[in-house]
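See structure below.
There are 2 protein chains.
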Amino acid sequence: MGTEDRKAREKERRRNQIIDAAERIIFSKGLEQATMDEIAEEAELSKGTLYLYFKNKTELYLAITQRGSDLLNSQFAKVFAGGHDHTGLELIRLLGETYLNFVRENPNYYNAFMYYESLSDVNELKDSKHAEQCEENRREALNFMIRALQIGMQDGTVNDSYDPKELAVVILSSTRGITAMSHMHGTGYHFEMLDEMELSVDTLFGNFLKLVGTGIASEDARKRWMTDSQNIETNGK
Amino acid sequence: MGTEDRKAREKERRRNQIIDAAERIIFSKGLEQATMDEIAEEAELSKGTLYLYFKNKTELYLAITQRGSDLLNSQFAKVFAGGHDHTGLELIRLLGETYLNFVRENPNYYNAFMYYESLSDVNELKDSKHAEQCEENRREALNFMIRALQIGMQDGTVNDSYDPKELAVVILSSTRGITAMSHMHGTGYHFEMLDEMELSVDTLFGNFLKLVGTGIASEDARKRWMTDSQNIETNGK
DNA sequence: TAATTAAAATGACTGTCAGTCAGAAAGTGA
DNA sequence: TCACTTTCTGACTGACAGTCATTTTAATTA
Numbered sequence: 003m004g005t006e007d008r009k010a011r012e013k014e015r016r017r018n019q020i021i022d023a024a025e026r027i028i029f030s031k032g033l034e035q036a037t038m039d040e041i042a043e044e045a046e047l048s049k050g051t052l053y054l055y056f057k058n059k060t061e062l063y064l065a066i067t068q069r070g071s072d073l074l075n076s077q078f079a080k081v082f083a084g085g086h087d088h089t090g091l092e093l094i095r096l097l098g099e100t101y102l103n104f105v106r107e108n109p110n111y112y113n114a115f116m117y118y119e120s121l122s123d124v125n126e127l128k129d130s131k132h133a134e135q136c137e138e139n140r141r142e143a144l145n146f147m148i149r150a151l152q153i154g155m156q157d158g159t160v161n162d163s164y165d166p167k168e169l170a171v172v173i174l175s176s177t178r179g180i181t182a183m184s185h186m187h188g189t190g191y192h193f194e195m196l197d198e199m200e201l202s203v204d205t206l207f208g209n210f211l212k213l214v215g216t217g218i219a220s221e222d223a224r225k226r227w228m229t230d231s232q233n234i235e236t237n238g239k
Numbered sequence: 003m004g005t006e007d008r009k010a011r012e013k014e015r016r017r018n019q020i021i022d023a024a025e026r027i028i029f030s031k032g033l034e035q036a037t038m039d040e041i042a043e044e045a046e047l048s049k050g051t052l053y054l055y056f057k058n059k060t061e062l063y064l065a066i067t068q069r070g071s072d073l074l075n076s077q078f079a080k081v082f083a084g085g086h087d088h089t090g091l092e093l094i095r096l097l098g099e100t101y102l103n104f105v106r107e108n109p110n111y112y113n114a115f116m117y118y119e120s121l122s123d124v125n126e127l128k129d130s131k132h133a134e135q136c137e138e139n140r141r142e143a144l145n146f147m148i149r150a151l152q153i154g155m156q157d158g159t160v161n162d163s164y165d166p167k168e169l170a171v172v173i174l175s176s177t178r179g180i181t182a183m184s185h186m187h188g189t190g191y192h193f194e195m196l197d198e199m200e201l202s203v204d205t206l207f208g209n210f211l212k213l214v215g216t217g218i219a220s221e222d223a224r225k226r227w228m229t230d231s232q233n234i235e236t237n238g239k
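Those sequence lines, one after another, are chains L and U. Those letters in the first sequence? Residues 3 to 239, by this note's numbering. Those letters in the second sequence? Residues 3 to 239, by this note's numbering.
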């Protein structure tokens, strides 16, 4: 009957209401400083209710993490969604730019990613639906990258001496390193290296693209890539 | 007088005794699970004494983090210490291998690095001697990388169209991404992507080296690098 | 060696907070 | 209206980080 559907919807709404409140509190003062009592008050619920929807504080934060992860993946998807007027090499670049833009626009979600990855307690993650979805998103992101590489190998812009799967992992991982650096710089908490060297994140990213581009481009595409890399727009979309 | 020196030495020994105990406890059960009471007992001291040497639990963990950071840098230094019979390009590779080996052999310290970087509370870090030293080590590591690139540009193995400083940041950051991946895979807590794809960390790292090598090598050095990259020994030293 | 002072160490105590649970309130269906 | 289920509540508990008045140990002086 329809009542059950409605109940399920309402339950889902409550969940989101709690996650919304948790985001406001945690994003404004950090995970450690945020208390469950405070989040409950912000959500206009009692603390006990929070625990009906999330088994503990970490799980609630993982729900936030998953939101970020879903959002990032939806941005990746957009790269492929439009008309297919991009070469494989361009797709790689677009995926990288998408990642970088995400970090800039959503530092709080990126923080959540870092916390998630620093979690070294298996049990905390093993039976978490949210963690599972984050891993699923990671797999999907990898598939986007593989697809871009395969397209590139077909259209001759990417050197086909690589195994696309292996290369995809490498590019995704190293991009992660670059975005992490950008994030740490952006939040300014530590890592003033870039400032000390008078480097901008854009310069850094431009060089990264040049490096990757030169590394994977076919001989044919290399020259074009290297000239393009001089003037990058990272706010592409 | 000599008494003061001796006192200073003893104080230093106490400090290390506490850090030793903290490592044993925290490395075995994780930061969250480890309590200050337990660490105190392991160190055969009272809890209060711990707080005479470290202002809080985080600061104690930062001391551990610094140990790891110092250790990593000492390994980097070794790459340059021996006879100077390496080309710049080889030095880059050796630095990367050193980093990877460090992660494999010291996953606990690497965990500490990840925690350190996920710390988003400025105040926690601003007045920490340990955090300051970690940043100093980071700068030094960057300088190692810059030096390797400059040597490479001199000996003709590295493409000199890059700015060595900019490139060093890029390579260090992306290497960080690769090592992070390797770590997550090694600890097996999450991130089973590699297993699912039947890839080994060595394969991943080999491809990374090939990518970077191809990306930065001079035309001249490229062919040699690409053939070398087929059979890598990551336990080099 | 005893008295005096300074430094180092102690552990009982406090405040905070994650997580629980017995019971209240709201919703459902007859 | 009643019986029953689901959802919610908030006072309570246990655990733990961090404190501080007191004790212990060491160094210095007479």
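All C-beta atoms, glycine included, are put in the ideal place defined by N, C-alpha and C. If you're wondering where the values come from, they're calculated on a predicted model, not measured in any experiment.
Do you know whose CA, among U/Gln152, U/Gly90, U/Lys80, U/Leu169, lies nearest U/Ala223's CA?
U/Gly90
Whole angstroms are fine: how far does the CA of L/Ser202 sit from the CA of L/His187?
9 angstroms
Can you have a look at U/Gln156 and say buried or exposed, based on whether 16 or more other CB atoms are within 10 angstroms of its CB?
exposed
Tell me which residue opens and which closes the alpha helix (DSSP H) that L/His187 is part of.
166-189
Output yes if chain L places a C-beta closer than 7 angstroms to the C-beta of U/Glu12; else output no.
no
At least three beta-carbon pairs within less than 8 angstroms, the stretch 127-142 of chain L to the stretch 52-72 of chain L
yes
Rounded C-alpha distance that separates L/Leu64 from L/Phe82:
27 angstroms
Going along the chain, which residues of its own chain have a beta-carbon closer than 6 angstroms to the beta-carbon of L/Gly98, five neighbours each way excluded?
Thr177
Let me see if you follow: with CB-CB separation under 7 angstroms, is U/Asn113 close to chain L or not?
yes
Beta carbon of U/Ser175 nearer than 7 angstroms to that of L/Ile218:
no
Can you tell me whether U/Ala219 is helix, strand or coil according to DSSP?
strand
So that I know if they touch, is there some Cβ in chain L lying closer than 7 angstroms to that of U/Ala122?
Looking at the sequence itself, residue 122 of chain U is Ser, so the reference to Ala does not match. Judged by the 7 angstroms Cβ criterion, U/Ser122 is in contact with chain L.
What does a CB cutoff of less than 7 angstroms around U/Ala170 pick up in its chain, not counting 5 residues either side in sequence?
Leu144, Met147, Ile148, Leu151
Local conformation of U/Glu138 per DSSP, three classes:
helix
Applying the criterion that 16 or more other CB atoms from any shown protein chain within 10 Å of the CB defines a buried residue, is L/Leu54 buried or exposed?
exposed
Given U/Trp29, which residues of its chain have a CB within under 8 angstroms of its CB, disregarding the five upstream and five downstream residues?
The sequence shown places Phe at residue 29 of chain U, rather than the Trp named in the question. Correct list, in chain order: Asn110.
With which residues is U/Ser160 paired in a DSSP beta bridge?
Per the sequence shown, residue 160 of chain U should be read as Val rather than Ser. Paired residue(s): U/Ala219.
Does any residue of chain L have a CB that is nearer than 7 angstroms to the CB of U/Leu47?
no
Leaving out the 5 sequence neighbours to the left and right, which residues in its chain are closer than 6 angstroms to L/Glu126 when beta-carbon positions are compared?
Thr60
L/Val172 beta carbon less than 7 angstroms from that of U/Phe2
The structure shown does not extend to residue 2 of chain U, since chain U is modelled only from 3 to 239, so the question has no answer here.
U/Ser120 and L/Ser220 - do their beta-carbons sit closer together than 7 angstroms?
no
Please tell me whether L/Arg16 has its Cβ less than 7 angstroms away from any Cβ of chain U.
no
Residues within the stretch 84-116 of chain L neighbouring chain U, beta-carbon criterion of under 8 angstroms:
Asn113, Met116
Give me the subset of the stretch 198-227 of chain L whose CB atoms are less than 7 angstroms from a CB atom of chain U, sorted by chain position.
Met199, Leu201, Thr205, Leu206, Asn209, Phe210, Leu213, Val214, Thr216, Gly217, Ile218
My guess is that L/Asp1 and U/Glu34 are in contact by the Cβ rule of under 8 angstroms, so how many angstroms apart are they, rounded?
There is no way to answer for residue 1 of chain L, as the model of chain L reaches only from 3 to 239.
CA-CA distance, L/Glu43 and L/Gly50?
11 angstroms
Where U/Ser71 falls: helix, strand or coil (DSSP):
helix
Find the residues of chain U that neighbour L/Tyr164, judging by a C-beta separation of less than 9 angstroms, and give them in chain order.
Asn209, Lys212, Leu213
Report yes or no: is there a C-beta of chain U within less than 7 angstroms of the C-beta of L/Lys59?
no
Spatial neighbours of L/Arg26 in its chain, beta-carbon cut-off 8 angstroms, leaving aside the 5 residues before and after:
Glu44
Please classify U/Arg95 as buried or exposed, where buried requires at least 16 other C-beta atoms within 10 Å of its C-beta.
buried
Can you pull the chain L neighbours of U/Ile180, defined as C-beta to C-beta under 8 angstroms?
Val172, Ser175, Ser176, Gly179
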